[in-house]
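Q:
Residue numbers (the UniProt record's numbering): 1 to 89.
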């Protein structure tokens, strides 16, 4: 498995409010970003894996909707998470 319990807890501790706070938008966006990077690397070697490609597109859409939600609720939190994860160039 590419993401262990410890790595996931560390991800939520770093980007969420607490280690156990798995429901915050920032934590989920960070988790989705980690998974998107992993799937992108997988698709570089397995170009014809269309099921993974579909999963990647769906994940990007979920992350986009969470980012839109954060934009509406709290622009400062949105800007902070985008800067932390380096999502915008």
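Each residue gets a CB set at the ideal place from its N, CA and C atoms; glycine is no exception. In this text the structure is predicted, and so the values were computed from the model without any measurement.
Hey, would you say residue 13 sits closer than 8 Å to residue 66, going by beta carbons?
A: no
Q: Buried or exposed, going by whether 16 or more other CB atoms sit within 10 Å of the CB of residue 4?
A: exposed
Q: Examine the Cβ distances between the segment 78–89 and the segment 48–56 and report whether three or more of them are shorter than 8 Å.
A: no
Q: With a 10 Å radius around its C-beta and 16 neighbouring C-beta atoms as the bar for buried, classify residue 38 as buried or exposed.
A: exposed
Q: By Cβ distance, which residues of its chain are closer than 7 Å to residue 35, with the 5 residues on each side in sequence left out?
A: Here the set comprises 59.
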